[in-house]
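S.K.:
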Amino acid sequence: MSELNVLIAFYSRSGVTEALAKAVGRGAEGEGATVRLRRAREFVGPEVMAQAPGWKEGADAMNALYEAPSAADAEWADAIAFGTPTRFGNAAAELKAYIDSLGGLWFQGKLNGKAGAAFASTSTPHGGNETTILSLYPPLAHLGLIIVPTGYADASMFAAGTPYGASSVSGQTAAKPNDADLAAATWQGKRLAQVAKALKTATSAA
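For any residue, its number in our numbering is found by taking its place in the sequence shown, counting from 1, and adding 70.
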């Protein structure tokens with residue numbers, strides 16, 4: 071079977087979602103996948119970013135590490151994971167703008183049958199992690215991806231995350247994900263890669 075490719079397209083402002091994305095990537099790499107980490111870009115001006123201390127500095131630092139996600143990345147991938155901080159119980163506009171740019175691939179059916187997943191972070195307990203992850207399920211379905219939840223198929227899921235996807239609560243200090251959060255995210259990447267591998271094998275056999 072040919073190489074397994076996993077795209078992790080995320081938006082992160084303070085580095086919390088970034089840390090989850092990297093853990094998802096490690097899980098996928100553990101299954102032999104080639105991983106592309108891509109950070110969605112801001113589309114607001116510097117005057118808006120200046121209203122949140124550290125926003126521009128964090129964005130500049132992460133943008134230096136990660137390319138912006140592209141339609142070519144999605145076409146390349148056998149599996150796609152979307153990661154985002156919560157925005158009033160929904161995905162961040164920056165990530166949603168990337169998803170909305172995939173209409174050309176959707177029209178051509180080029181994403182059909184790939185594996186898909188989602189993960190999220192929030193600053194407050196019960197701040198919308200589950201609703202944010204679930205808000206990404208409809209786009210995954212519309213794009214034709216096979217949705218892969220985390221479930222409770224690994225012991226790490228009894229300590230952190232949600233059955234829909236990995237998550238983290240950072241508090242008002244943007245605390246990074248703890249070990250339990252990262253373990254759940256790593257499991258998510260592992261499971262996503264396993265399912266993608268099975269789908270690709272079945273497609274090749276057919």
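C-beta atoms are modelled at their ideal positions from N, C-alpha and C, and glycine is treated no differently.
#1: Are the beta-carbon atoms belonging to G186 and L215 less than 7 Å from one another?
#2: Report yes or no: do the segment 152-169 and the segment 78-95 share at least 3 C-beta pairs separated by less than 8 Å?
#3: Assign Y222 to one of two classes, buried (16 or more other C-beta atoms within 10 Å of its C-beta) or exposed (fewer than that).
#4: So what does T154 bridge to, in DSSP terms?
#5: DSSP three-state label for M71, please.
#6: Is the beta carbon of A89 sitting closer than 7 Å to the one on K267?
#7: In the segment 197-256, which residue ranges form an unbroken alpha helix (DSSP H) of at least 4 residues, counting only runs that do not cross its ends?
#8: Where does the unbroken beta strand (DSSP E) through L107 begin, and where does it stop?
#9: Counting C-beta neighbours from all protein chains within 10 Å, is the total for Q258 16 or more, i.e. buried, or is it exposed?
#10: On the DSSP letters alone, give me the boundaries of the alpha helix (DSSP H) that G95 sits inside.
#11: Would L135 be called buried (16 or more neighbouring beta carbons within 10 Å of its own) or exposed?
#12: Mapping the DSSP letters down to three states, classify N182 as helix, strand or coil.
#13: With a 10 Å radius around its C-beta and 16 neighbouring C-beta atoms as the bar for buried, classify A211 as buried or exposed.
#14: List the DSSP bridge partners of F80.
#15: Comparing C-alpha positions only, which one of A230, D143, L213 sits nearest to A253?
#16: Please state whether DSSP places A276 in a helix, a strand or coil.
#17: Contact criterion: CB-CB distance below 7 Å. Does N75 meet it with respect to chain B?
M.R.: Let's see:
#1: yes
#2: Cβ pair count under 8 Å is three or more, so yes.
#3: Looking at its Cβ environment, which holds fewer than 16 other Cβ atoms inside 10 Å, Y222 is exposed.
#4: A190
#5: Caution is warranted here: a pLDDT of 43 is assigned to M71, below 50, making its placement in the model unreliable, and the coordinate value is therefore given only provisionally. Coil, per DSSP.
#6: No.
#7: Counting only runs of 4 or more, we get 199-213.
#8: Element bounds for L107: 104-109.
#9: buried
#10: According to the DSSP assignment, G95 belongs to the alpha helix (DSSP H) that extends over 86-99.
#11: exposed
#12: Coil at N182, not helix or strand.
#13: exposed
#14: R109, G153
#15: A230
#16: coil
#17: Protein chain content of the structure displayed is limited to a single chain, and chain B is not contained in it.
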